Every structure is written in C-alpha cells, then in structure tokens.
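J.:
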Amino acid sequence: VPADDIWRGVTAVSNAGKKRGRGKGTGKKIAKDLNKGQTIGIGKKTCIWPGLNSPIIRGNELMHQQKQPENVDREKNILKIRDSMGNFKQMKLNPIDRGWSGTKMPGRSIGPPDTIGDEEFTSFDTFVLENKIVFIMKGNMGRKRRYSVLSVTGNKNGLAGFALAKGPEVRTALRKSKNRAGQKLISINLYENRTINHDFYTGFGKTKIFVSKKPDGYGLVCHRAIQTICKAIGIKDIHAKIEGSTNLQHIVKAFFIGLMRQKSYQDIANESALHIVERQMARNGYTEIKASPYLYTKNTNNDRIIDFMQFTLGNKIVLRKKTAPPFYAQSIGYNKHEIKKERFRNQSNVRLHKLVNNYT
Numbered sequence: 001v002p003a004d005d006i007w008r009g010v011t012a013v014s015n016a017g018k019k020r021g022r023g024k025g026t027g028k029k030i031a032k033d034l035n036k037g038q039t040i041g042i043g044k045k046t047c048i049w050p051g052l053n054s055p056i057i058r059g060n061e062l063m064h065q066q067k068q069p070e071n072v073d074r075e076k077n078i079l080k081i082r083d084s085m086g087n088f089k090q091m092k093l094n095p096i097d098r099g100w101s102g103t104k105m106p107g108r109s110i111g112p113p114d115t116i117g118d119e120e121f122t123s124f125d126t127f128v129l130e131n132k133i134v135f136i137m138k139g140n141m142g143r144k145r146r147y148s149v150l151s152v153t154g155n156k157n158g159l160a161g162f163a164l165a166k167g168p169e170v171r172t173a174l175r176k177s178k179n180r181a182g183q184k185l186i187s188i189n190l191y192e193n194r195t196i197n198h199d200f201y202t203g204f205g206k207t208k209i210f211v212s213k214k215p216d217g218y219g220l221v222c223h224r225a226i227q228t229i230c231k232a233i234g235i236k237d238i239h240a241k242i243e244g245s246t247n248l249q250h251i252v253k254a255f256f257i258g259l260m261r262q263k264s265y266q267d268i269a270n271e272s273a274l275h276i277v278e279r280q281m282a283r284n285g286y287t288e289i290k291a292s293p294y295l296y297t298k299n300t301n302n303d304r305i306i307d308f309m310q311f312t313l314g315n316k317i318v319l320r321k322k323t324a325p326p327f328y329a330q331s332i333g334y335n336k337h338e339i340k341k342e343r344f345r346n347q348s349n350v351r352l353h354k355l356v357n358n359y360t
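The opening residue of the sequence shown carries number 1 in full-length UniProt numbering; numbering runs sequentially from there.
(1) Quick check on the DSSP output: the beta strand (DSSP E) that includes A282 runs from which residue to which?
(2) Three-state secondary structure (DSSP) at S109?
(3) In or out: D237 buried (at least 16 other Cβ within 10 Å) or exposed?
(4) Tell me whether K178 is buried or exposed, calling it buried when 16 or more other Cβ atoms sit within 10 Å of its Cβ.
(5) Below 8 Å on the Cβ atoms is my guess for A291 versus I306; work out the distance and round it to an integer in Å.
(6) Mind reading off the beta-carbon distance from K213 to T195? Whole number of angstroms is fine, and I expect it under 8 Å.
(7) Hey, quick one: how far does the beta strand (DSSP E) through H239 stretch, first residue to last?
(8) Between the segment 252-267 and the segment 187-194, do three or more beta carbon pairs fall short of 8 Å?
(9) Assess contact between the segment 147-166 and the segment 115-128, defined as three or more Cβ pairs (one per stretch) separated by less than 8 Å. Is contact present?
(10) Is the segment 249-257 in contact with the segment 215-230, if contact means three or more CB pairs nearer than 8 Å?
(11) Quick check on the DSSP output: the alpha helix (DSSP H) that includes T153 runs from which residue to which?
(12) Measuring only the C-alpha atoms, how far is R283 from I268?
(13) Pull up the DSSP beta-bridge partners for P50, would you.
(14) In whole angstroms, give me the CA-to-CA distance for G59 and G43.
(15) So does the segment 126-140 actually touch the segment 107-117, counting three or more Cβ pairs closer than 8 Å?
(16) To the nearest whole angstrom, what separates the beta carbons of residue 364 and G258, a pair I think is in contact under 8 Å?
(17) Between L164 and S148, which are expected to be in contact by the criterion C-beta below 8 Å, what is the C-beta distance as a whole number of angstroms?
(18) Taking just the CA atoms, how far does D83 sit from K76?
(19) Do G161 and K184 count as a contact pair if the criterion is CB distance below 8 Å?
(20) My understanding is that K45 touches E70, with C-beta atoms under 8 Å, so please give their C-beta distance in whole angstroms.
(21) In angstroms with no decimal places, state the Cα-to-Cα distance between K295 and Y286.
(22) Is V13 near G23, with beta carbons less than 8 Å apart?
(23) Grab the span of the beta strand (DSSP E) containing S212 for me, first residue to last.
(24) In terms of residues, what are the limits of the beta strand (DSSP E) holding I136?
(25) Below 7 Å, is the gap between the Cβ of E271 and the nearest heavy atom of the ligand HEM?
Have a look at this one:
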C-alpha cells in the first residue's frame, strides 16, 4: 500500500463525520517525508555497493563491496531535517487584505483575471464577495456538492464587472468567477474620479438602496459588499442605506443597476428643460451653472419636479427619522444647565470661523 494511502486512511473523516462538522483541520496536517536526508545504500553502517551507490567498473578496475568508516552525525542530521519539516511560519496578511471576517474568502483579493489573447488585465484587481457551498440532486450520483463564488473585478478607474460561477472545487470556482467577471466589464462615470454623479435610488427584488453623493474625505459609509465594489470601481466618498432584504447577490445587482442608470448634468437638463444650478455652501452660498438645456421650451406644467434630488431619486423622499430627545431633557437640572450654557451658544462656531479665516 502506498504511503499516501496509509496517511489518508489515518487522517481522513467519513462522509457522515464531514456533515457533522468533523475533520475541518485535516488539510492543515502535512505528512512528513521520512526519505528526505537518506540515500540508498547508506545507513548506520556505510558500505560501497557496486551497481547501487557506486559504479561497477572504475577505470580498468572492477569494484568490490567495501566497508566505509561510520558517519557519527548521520542520525542527528536526519532528525534535524525532520524537525524542520513541520515548522514553517505562516505569512502575515495586512489587516486591510484579510477580508471581512477571520480566514473566510469574502472581501479578499484574488488578483487580476487571466490574460485573454493579447488582452492583459494588469491594472485590475478582483475581490470575492460570496463563497458558499451549494448542493444539487443528481439521478445517478445523489446529492452533489459544488462551490458558488461571486466576485467583482475593476481597475479602480471607473471600469468594473461582476460574475457568479460554480465549480466542484473552490479554486475552480474562484478562477471561473474571476475570469467571467473580466469578460463582463461595465464603464461607470465618476464625479471628480472619487464619487457618483448624483444621489439615486435603486432596487432589485426585495432590496432597496438609497445612495448619496458625498464631499471629498467623507469615506465609504455603506454595506461591506458595496464598500468592496467601490474599492474595485474607484469610488472613495459615498453613503448608501439599504432597506429591506440584505441578500448579497441582490445588493450587488441593485448597486450596479443604480450606477448604470446615472445621468450626466447635461442629460438631466435636456430631459427636464431646466438649468442645473449648484449652490455651494462651502463657498458661502456661491451658485454655479452646471448644465443648460440644448433646446429651451417654455413649460407651463406646474406639476413638474424642480428639486434636483427629488428628480434623481425618482420622485421618492428618503425618510430621515428625528433623534429622540434624552430622558433628562425635561428635568429641572437640565433646564438650568441650558440657561447657563445659552450665553456661550455660538462661541465654538465663531472660534472655528476665526481659525478658518486666519483672524488674530
């Protein structure tokens, strides 16, 4: 019986045991090759064996069996080699690259898609969004296990795609999903190469997402799957609120649908026959015309939507719940505190304004 079969018989777990969660660490135990460091014909007593560890004829002389002096350090060297086999340091991953949770695959990078002909995906990176086991019933094989992988790939510059693939092994499913995502790329328009063009509402199935455009430095305040997609696309500042189902595949599809349905300022101006004007509060209320309609027609319809956010959200209004007052808001002590604090009510804003404008 080969040594590999003996090792598998000792360490393997039955199918019933696998279903109960046993034997999860069997792959981590690596069998030691006891033949390493040993040579045929050389043992405790070293001898020359013509035809085995030495030539039969050396020059014109026929070689004979001879005894060699004993190697004292042989046993020590073999034990040293065997001890070094099991001791290896696990490579440390950067905390950012470890994924969403523990040692699981979702959230981890698996590199760019494979080259297709002359087309290379050098600037691309692929992230796993979902990795799970699925079963299918076969007439001849019964319950067949497969791995399902959903991944997203992108060049971090507005070009990205996602795909779902299945395979009998994890590596096969990962490779298929990665390469399939590279064949389904979508171009997405970004505002200042960091955020979306405008706020939008999107949905798929029972999942609804309200996505908001945010200023520079805001960051990604959203679901972890949307964060990973934004990382692949190149979006740096966004806020997304999910309502309803948090099915991961529905979240991914809904978010990509919303990104593809974005409109430029010029398209919105032409559709609404109105000028698009931005009021910048950071610049003291300065207004800037972003787009004007090509063909201006006087519209007497008073029911048309004038508010830009309401127009982009599809005439939907986001419910923003008011924060409940604290339990002590009506107490006598808190009212006294508010009266004492009233004289300093604008001091922090004035101080900040002076610092911003370099007042002394």
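The beta-carbon is built from N, C-alpha and C at its ideal position, and this holds for glycine as well. All values derive from a computational prediction rather than experimental measurement.
T.: Reading from the atomic positions:
(1) As a first step, residue 282 is located in the sequence shown; it is residue number 282 there, counting from the start. From DSSP, A282 is part of no beta strand (DSSP E); its letter is neither H nor E.
(2) Indexing the sequence shown from 1 puts residue 109 at position 109. Three-state result, S109: strand.
(3) Counting from one through the sequence shown, the residue named residue 237 turns up at place 237. Counting Cβ neighbours within 10 Å, D237 comes out buried, since at least 16 surround it.
(4) As a first step, residue 178 is located in the sequence shown; it is residue number 178 there, counting from the start. Buried: at least 16 other Cβ atoms inside 10 Å.
(5) Start at 1 with the first residue of the sequence shown, and residue 291 comes out as number 291. Start at 1 with the first residue of the sequence shown, and residue 306 comes out as number 306. Going by Cβ atoms, the distance from A291 to I306 rounds to 15 Å, so no, they are not a contact pair.
(6) Mapped onto the sequence shown, residue 213 falls at position 213. Mapped onto the sequence shown, residue 195 falls at position 195. Right, the Cβ-Cβ distance comes to about 5 Å (below 8 Å), so this counts as a contact.
(7) Residue mapping note: residue 239 aligns to position 239 of the sequence shown, counting from 1. Note, H239: beta strand (DSSP E), I238 to G244.
(8) yes
(9) yes
(10) yes
(11) If you number the sequence shown from 1, residue 153 lands on position 153. Per DSSP, T153 belongs to no alpha helix (DSSP H); it is in the beta strand (DSSP E), G142 to G154.
(12) For this step, residue 283 is matched to residue 283 along the sequence shown. For this step, residue 268 is matched to residue 268 along the sequence shown. When rounded, the distance between both Cα atoms is 24 Å.
(13) Reading the sequence shown from its first residue, position 50 is the one you call residue 50. According to DSSP, which records beta bridges pairwise, P50 is partnered with S54.
(14) Taking the first residue of the sequence shown as 1, we reach residue 59 at position 59. Taking the first residue of the sequence shown as 1, we reach residue 43 at position 43. Roughly 27 Å between the two C-alpha positions.
(15) yes
(16) The question about residue 364 has no answer, for the chain in this structure spans 1 to 360.
(17) Position 164 of the sequence shown holds residue 164. Position 148 of the sequence shown holds residue 148. Rounded, the Cβ-Cβ distance is 7 Å, consistent with contact.
(18) Within the sequence shown, numbered from 1, the residue matching residue 76 stands at position 76. Within the sequence shown, numbered from 1, the residue matching residue 83 stands at position 83. Their Cα atoms are separated by approximately 11 Å.
(19) Mapped onto the sequence shown, residue 184 falls at position 184. Mapped onto the sequence shown, residue 161 falls at position 161. Yes, these two residues count as a Cβ contact at 8 Å.
(20) The residue given as residue 45 occupies position 45 in the sequence shown. The residue given as residue 70 occupies position 70 in the sequence shown. Contact flag correct, Cβ pair sits at about 7 Å.
(21) If you number the sequence shown from 1, residue 295 lands on position 295. If you number the sequence shown from 1, residue 286 lands on position 286. As written in the sequence, residue 295 is Leu, which differs from the Lys given in the question. Each residue's Cα considered, the two are about 26 Å apart.
(22) Position 13 of the sequence shown, counted from the start, is the residue given in the question as residue 13. Position 23 of the sequence shown, counted from the start, is the residue given in the question as residue 23. In contact: V13 and G23 (Cβ atoms closer than 8 Å).
(23) Here residue 212 refers to the residue found at position 212 of the sequence shown. Residues T207 to K213.
(24) As a position in the sequence shown, residue 136 is number 136, starting the count at 1. Per DSSP, I136 belongs to the beta strand (DSSP E) from D125 to K138.
(25) Summarising the ligand content, the structure contains no ligands, and the ligand HEM is consequently not present.
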